[in-house]
Structure formats: structure tokens, C-alpha cells
Amino acid sequence: MEKAIKALWGFLGLLVFWVCIIPQTGISGERVRVGLLPLTSSAPIFIGVEEGFFLREGLDLELTFLQAAQPIAAALAAGEIEVGATGLTAGLYNALATGLDAKIVADKGREWPGYRLTGIVVGKAAWERGIRKVEDLRYMKVGVTQIGSTFHYMLGNILQKHGIDLSQVQIVPLGGLQALAEALASEKLEAVYIAQPLCTEAEARGTGKILVWSGEELRYQIAAIFMSGKFWEKKEAAKAFMRAYIRACRIYHDECLGLDAQGNPSKGKNFQKVMAQISKYTGLPAERIAKDLSYNDRNGELMWEDIPRQIKWYKDQGMLAKEPDPGKFLDRTLWEEALREVGP
Numbered sequence: 124m125e126k127a128i129k130a131l132w133g134f135l136g137l138l139v140f141w142v143c144i145i146p147q148t149g150i151s152g153e154r155v156r157v158g159l160l161p162l163t164s165s166a167p168i169f170i171g172v173e174e175g176f177f178l179r180e181g182l183d184l185e186l187t188f189l190q191a192a193q194p195i196a197a198a199l200a201a202g203e204i205e206v207g208a209t210g211l212t213a214g215l216y217n218a219l220a221t222g223l224d225a226k227i228v229a230d231k232g233r234e235w236p237g238y239r240l241t242g243i244v245v246g247k248a249a250w251e252r253g254i255r256k257v258e259d260l261r262y263m264k265v266g267v268t269q270i271g272s273t274f275h276y277m278l279g280n281i282l283q284k285h286g287i288d289l290s291q292v293q294i295v296p297l298g299g300l301q302a303l304a305e306a307l308a309s310e311k312l313e314a315v316y317i318a319q320p321l322c323t324e325a326e327a328r329g330t331g332k333i334l335v336w337s338g339e340e341l342r343y344q345i346a347a348i349f350m351s352g353k354f355w356e357k358k359e360a361a362k363a364f365m366r367a368y369i370r371a372c373r374i375y376h377d378e379c380l381g382l383d384a385q386g387n388p389s390k391g392k393n394f395q396k397v398m399a400q401i402s403k404y405t406g407l408p409a410e411r412i413a414k415d416l417s418y419n420d421r422n423g424e425l426m427w428e429d430i431p432r433q434i435k436w437y438k439d440q441g442m443l444a445k446e447p448d449p450g451k452f453l454d455r456t457l458w459e460e461a462l463r464e465v466g467p
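So, in C-alpha cells, the structure goes:
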């Protein structure tokens with residue numbers, strides 16, 4: 124009898140083991156190539172891989188790291204990736220308007236009050252001359268990464284909020300964030316639009332002063348998850364990806380973005396574990412990452428209403444050759460179905 128009981132417990136243990144490692148769907152070994160940047164805002168993807176969420180859904184993720192948003196859209200169009208995770212730029216909207224077969228399906232990062240992701244930094248000399256508020260940027264040189272980039276969009280909207288037309292500021296595209304930081308340090312520009320940790324590093328080194336944080340000026344869907352039309356049509360695989368992504372978003376949000384009863388930041392018990400997971404893929408020290416956490420929706424929900432606003436702004440600035448129809452590339456249903464299946 125005792126041997127039979129031991130055998131039964133052994134069988135049950137083996138059963139639990141297999142339940143934990145086998146895919147939770149009928150999908151098995153589906154290769155999904157994901158194009159993304161090695162940034163903190165890609166944290167849910169990294170967490171999902173490290174925690175085995177995608178694997179348990181039967182998905183074999185291959186991460187392809189690129190250095191800008193436009194190459195990710197190009198890779199999607201060429202069939203080199205199934206999923207893209209990057210910023211929402213004029214280039215992406217132009218591609219969607221002219222035939223890119225893709226669906227935008229989820230959040231990948233927002234500018235949000237209380238979270239310091241990007242900001243306008245004024246050079247030391249300009250600060251000493253009295254540039255202390257957004258209105259002082261009129262007729263100044265301000266650096267951004269590229270024309271039509273997310274930084275260009277945010278700068279334009281913040282300027283307009285403060286009564287300044289884009290034509291009243293000289294926009295200088297320098298291609299990358301590091302080039303902007305160097306231009307600020309050498310005082311070639313009065314101000315630059317850059318991301319963390321470059322903002323606080325400029326202050327620490329004495330090369331600049333933070334004028335304003337984006338999240339205090341606007342709520343903006345800065346980046347998104349989008350799928351190729353071909354992968355999106357594989358409904359079960361696409362939904363499996365979304366379920367895993369939602370679970371990973373919840374871990375990132377709960378461990379990294381929590382607030383206590385007084386509204387102060389409160390880290391979860393597995394915060395350091397999550398920092399180590401992000402560090403593995405970004406190559407940044409965990410302590411540095413902890414200072415630069417971007418805001419992601421807990422359930423990975425996109426700010427659907429923000430997309431038409433972005434398109435209108437880019438069109439008004441003459442950056443879109445043709446206006447894309449959000450009804451053709453926004454898919455809320457996939458996210459809603461996955462959320463129901465994941466549960467509260």
C-alpha cells in the first residue's frame with residue numbers, strides 16, 4: 124500500500140512538471156521574430172521571454188535588435204519579422220498609408236504624469252542667459268533625433284501648448300540621442316529633446332538643465348506593438364502572443380510602477396529580479412535602469428484615441444504624403460479577446 128501511494132505521488136509530481144512546461148495552447152514551436160530596440164520600454168518583451176510566458180503559449184521568440192523605429196517597419200514590410208515593438212513615427216504612418224500590411228495591437232510605452240522618460244534639456248550657457256521656461260525657446264535651436272520622430276512630435280505639441288508655433292523654433296535633427304547629448308555639452312544648440320538617463324546625466328555633469336519632463340506636459344502613446352498582416356491572420360498564434368504579453372505587462376507594472384497609499388513610488392518584492400532581466404537585454408546596469416522606468420499600461424492596452432490625434436498632427440505639419448485610415452490598421456478585438464482569456 125505504501126509503495127502504491129509513493130508511486131501515485133511520483134506520478135502526480137511528474138504530471139505537474141509536464142503541465143508547467145508544455146504549451147498551454149494547441150500551438151507548438153511557432154517561430155515569432157520580434158524587431159525591437161534594446162530599451163527599458165521593451166521590458167514586457169524581455170520579462171515575457173525570461174518568465175517563459177511566450178514559450179508556455181507555444182511560441183518560440185527570436186529577438187532582433189535594431190537601432191531606430193524606421194528599420195523595424197522596413198523589416199516588417201520585408202517579412203523579416205512578425206512583430207514590431209517601437210515608436211509611432213511619421214515614417215510608420217506613411218508606410219501604413221502606402222501599403223504596409225500591419226496591425227497596431229497594444230501599448231509599448233507612454234508619456235505619463237509622474238514618470239520621467241523624456242524631456243527638454245537646456246544647455247548650460249543658454250540656462251545662464253535666462254532660458255528657464257518653454258516660452259523662452261522661441262527662435263532658439265532645439266535638437267531632435269529625426270524629423271517626424273516621436274521627439275519631434277512631442278516638442279511640437281509642447282511648444283503649441285505654450286503658444287509657440289513650430290516655425291518659430293529652429294529644429295535641428297542630429298540622428299541619435301548620443302549625438303544630441305554631445306551637441307548639448309559642446310553648446311552647439313540651446314536645447315535638445317532627449318531621453319533618460321541622458322537628461323539627468325546632463326544635469327549631473329553640469330552640461331545642461333532639465334527644462335520640462337514630457338509626462339508633465341502631455342499624455343502620449345509614444346510606442347506600440349504591431350504585427351504583420353500575415354502573422355495577425357494566424358489568430359490563435361497572434362492571440363497567444365497577446366496573452367503572454369499582457370501577463371508580462373502586469374509583472375512590469377506591479378513590480379516597477381506601483382504607488383503606495385500616499386501616491387509615492389512603491390517597488391514590488393521581485394523588483395530587483397525584473398531589473399536584472401531588463402539589464403540582460405539592454406546591457407545597462409540595473410541601478411541605472413531603476414532610474415529610467417517608462418510607463419506601460421498594466422494590461423498592455425493602447426491609448427486608442429491618441430492614434431488619430433497623432434495622424435492629424437503629422438498631416439497638419441505636412442509630414443504625411445497620404446493620410447492612413449486607423450480603421451484599417453488598429454485592432455482592438457485581438458487585445459480584448461486575449462484580456463478576457465487571461466482574466467483579471
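So the number in the numbering used here is just where the residue sits in the sequence shown, counting from 1, plus 123.
Don't be surprised by glycine CBs; every beta carbon is placed ideally from N, CA and C.
request  = Use the C-beta contact count for residue 415: other C-beta atoms within 10 angstroms, 16 or more gives buried, fewer gives exposed.
outcome  = As a first step, residue 415 is located in the sequence shown; it is residue number 292 there, counting from the start. So residue 415 ends up on the buried side.
Nearest neighbour of residue 401, chosen from 382, 424, 371, 389 [CA to CA] = To locate residue 401, count along the sequence shown from 1; it is residue 278. Of the listed residues, the one whose Cα sits closest to residue 401 is 371.
task = List in chain order: all unbroken alpha helix (DSSP H) runs of 4+ residues lying wholly within the region 148-190.
result = Runs found: 166-173, 176-179.
message = Between which residues of its own chain and residue 269 is the CB-CB distance below 6 Å, once the five residues before and five after are set aside?
response = Translated into positions along the sequence shown, residue 269 becomes position 146. So the qualifying residues of the chain are 296.
inquiry  = What does DSSP give as the partner residue(s) for residue 234 in the beta ladder?
reply    = Translated into the one-based positions of the sequence shown, residue 234 becomes position 111. DSSP, once it has assigned bridges, lists 343 as partnering residue 234.
inquiry  = Within the continuous alpha helix (DSSP H) that includes residue 456, where are the two ends?
reply    = Along the sequence shown, read from residue 1 onward, the residue named residue 456 stands at position 333. Element bounds for residue 456: 455-465.
ask   = Are the CB atoms of residue 346 and residue 405 nearer to each other than 9 Å?
value = Counted from its first residue, the sequence shown places residue 346 at position 223. Counted from its first residue, the sequence shown places residue 405 at position 282. In terms of Cβ geometry, residue 346 and residue 405 do not form a close pair [threshold 9 Å].
task = Identify whether residue 242 lies in helix, strand or coil by the three-state DSSP scheme.
result = Residue mapping note: residue 242 aligns to position 119 of the sequence shown, counting from 1. Here residue 242 sits in strand by DSSP.
task = Go to residue 279, then tell me how far its beta strand (DSSP E) extends in each direction, as first and last residue.
result = Your numbering for residue 279 matches position 156 in the sequence shown. Residue 279 -> not in any beta strand (DSSP E); alpha helix (DSSP H) instead, spanning 273-284.
query = Between which two residues does the beta strand (DSSP E) carrying residue 256 extend?
reply = Counting from 1 along the sequence shown, the entry for residue 256 is found at position 133. Per DSSP, residue 256 lies in no beta strand (DSSP E) segment and is marked neither H nor E.
task = May I ask you to report which of helix, strand or coil DSSP gives residue 296?
result = Residue numbering aside, residue 296 sits at position 173 when the sequence shown is read from its first letter. Of the three classes helix, strand and coil, the one that applies to residue 296 here is strand, per DSSP.
Rounded C-alpha distance that separates residue 451 from residue 226 = Translated into positions along the sequence shown, residue 451 becomes position 328. Translated into positions along the sequence shown, residue 226 becomes position 103. Their backbone Cα atoms lie some 8 Å apart in a straight line.
ask   = Do residue 419 and residue 380 have their C-beta atoms within less than 9 Å of each other?
value = Here residue 419 corresponds to residue number 296 of the sequence shown, with the count starting at 1. Here residue 380 corresponds to residue number 257 of the sequence shown, with the count starting at 1. Pairing residue 419 with residue 380 gives a Cβ-Cβ distance under 9 Å.
key: Three-state secondary structure assigned by DSSP to residue 334   = To locate residue 334, count along the sequence shown from 1; it is residue 211. It is a strand residue.
request  = Could you tell me the boundaries of the beta strand (DSSP E) in which residue 403 lies?
outcome  = Position 280 of the sequence shown, counted from the first residue, corresponds to residue 403. Residue 403 -> not in any beta strand (DSSP E); alpha helix (DSSP H) instead, spanning 394-405.
key: Residue environment, residue 283, which counts as buried when at least 16 other CB atoms sit within 10 Å   = The count along the sequence shown starts at 1 and reaches residue 283 at position 160. Classification of residue 283: exposed, given that the 10 Å Cβ count is below 16.
message = Can you look up residue 290 in the DSSP assignment and give me helix, strand or coil?
response = Indexing the sequence shown from 1 puts residue 290 at position 167. Taken through DSSP and simplified to helix, strand or coil, residue 290 comes out as helix.
inquiry  = Given this structure, state the Cα-to-Cα distance separating residue 458 from residue 250, to the nearest angstrom.
reply    = Along the sequence shown, read from residue 1 onward, the residue named residue 458 stands at position 335. Along the sequence shown, read from residue 1 onward, the residue named residue 250 stands at position 127. For residue 458 and residue 250, the distance between alpha carbons rounds to 45 Å.
query = Per DSSP, what kind of secondary structure is residue 202 in: helix, strand or coil?
reply = Here residue 202 is taken as the residue at index 79 of the sequence shown, counted from 1. Residue state, collapsed to three classes: coil.
query = Between residue 384 and residue 238, what straight-line distance do the alpha-carbon atoms span, to the nearest angstrom?
reply = In the sequence shown, the residue the question calls residue 384 occupies position 261. In the sequence shown, the residue the question calls residue 238 occupies position 115. Looking at the two C-alpha atoms, the distance is approximately 17 Å.
request  = May I ask you to verify whether the region 430-437 touches the region 320-339, counting CB pairs closer than 8 Å and requiring at least 3?
outcome  = Contact between the region 430-437 and the region 320-339 is not established, with fewer than three Cβ pairs separated by less than 8 Å.
key: N-terminal and C-terminal residue of the beta strand (DSSP E) that residue 384 is part of   = Along the sequence shown, read from residue 1 onward, the residue named residue 384 stands at position 261. That residue, residue 384, is in no beta strand (DSSP E); it is neither H nor E in DSSP.
request  = Identify whether residue 350 lies in helix, strand or coil by the three-state DSSP scheme.
outcome  = As a first step, residue 350 must be located in the sequence shown, where it is residue number 227. It is a strand residue.
query = Pairing CB atoms from the region 352-368 with CB atoms from the region 166-182, are three or more of them under 8 Å?
reply = Using a C-beta cut-off of 8 Å, the region 352-368 makes contact with the region 166-182, since at least three inter-stretch Cβ pairs fall below that distance.
query = Using the C-alpha atoms, what's the distance from residue 199 back to residue 350?
reply = Indexing the sequence shown from 1 puts residue 350 at position 227. Indexing the sequence shown from 1 puts residue 199 at position 76. Each residue's Cα considered, the two are about 8 Å apart.
message = Please report the distance separating the alpha-carbon of residue 399 from that of residue 409.
response = The count along the sequence shown starts at 1 and reaches residue 399 at position 276. The count along the sequence shown starts at 1 and reaches residue 409 at position 286. One C-alpha to the other measures close to 6 Å.
inquiry  = Our contact map puts residue 317 next to residue 241 with C-beta atoms below 8 Å; I'd like the distance itself, whole angstroms only.
reply    = Translated into positions along the sequence shown, residue 317 becomes position 194. Translated into positions along the sequence shown, residue 241 becomes position 118. Going by Cβ atoms, the distance from residue 317 to residue 241 rounds to 7 Å, so yes, they are a contact pair.
ask   = Where does residue 231 land, buried or exposed, given buried means 16+ other C-beta within 10 angstroms?
value = Translated into positions along the sequence shown, residue 231 becomes position 108. Residue environment: residue 231 is assigned as buried (16 or more neighbouring CB atoms within 10 Å of its CB, all protein chains considered).
query = Given a threshold of 16 other Cβ atoms within 10 Å of its Cβ, counted over all protein chains shown, does residue 309 qualify as buried or as exposed?
reply = Locating residue 309 in the sequence shown gives position 186, counting from the first residue. With fewer than 16 other Cβ atoms within 10 Å, it is exposed.
Reference residue 300, options 396, 391, 244, 342, closest by Cα = Locating residue 300 in the sequence shown gives position 177, where the first residue counts as 1. The option with the nearest alpha carbon to residue 300 is 244.
message = With H, G and I counted as helix, E and B as strand and the rest as coil, what does DSSP make of residue 375?
response = Stepping through the sequence shown from its first residue, residue 375 is reached at position 252. Residue 375 carries a helical assignment under DSSP once its states are collapsed to helix, strand and coil.
request  = Tell me residue 309's beta-bridge partners as DSSP assigns them.
outcome  = As a first step, residue 309 is located in the sequence shown; it is residue number 186 there, counting from the start. When beta bridges are read from the DSSP output, residue 309 appears opposite no residue.
inquiry  = Closest to residue 323 by C-alpha separation, out of 413, 189, 428, 167, would be which residue?
reply    = Taking the sequence shown and counting its residues from 1, the one referred to as residue 323 is at position 200. Comparing Cα-Cα distances from residue 323 to each of 413, 189, 428, 167, the minimum goes to 413.
task = In angstroms with no decimal places, state the Cα-to-Cα distance between residue 314 and residue 151.
result = Along the sequence shown, read from residue 1 onward, the residue named residue 314 stands at position 191. Along the sequence shown, read from residue 1 onward, the residue named residue 151 stands at position 28. Rounded to whole angstroms, residue 314 to residue 151 spans 51 Å at the Cα level.
query = Distance, Cα to Cα, residue 138 vs residue 174?
reply = Residue 138 sits at position 15 when you count from the first residue of the sequence shown. Residue 174 sits at position 51 when you count from the first residue of the sequence shown. Because residue 138 carries a pLDDT of 45, less than 50, the predicted location of this residue cannot be relied on, and the following value inherits that uncertainty. Rounded to the nearest angstrom, the two C-alpha atoms are 20 Å apart.
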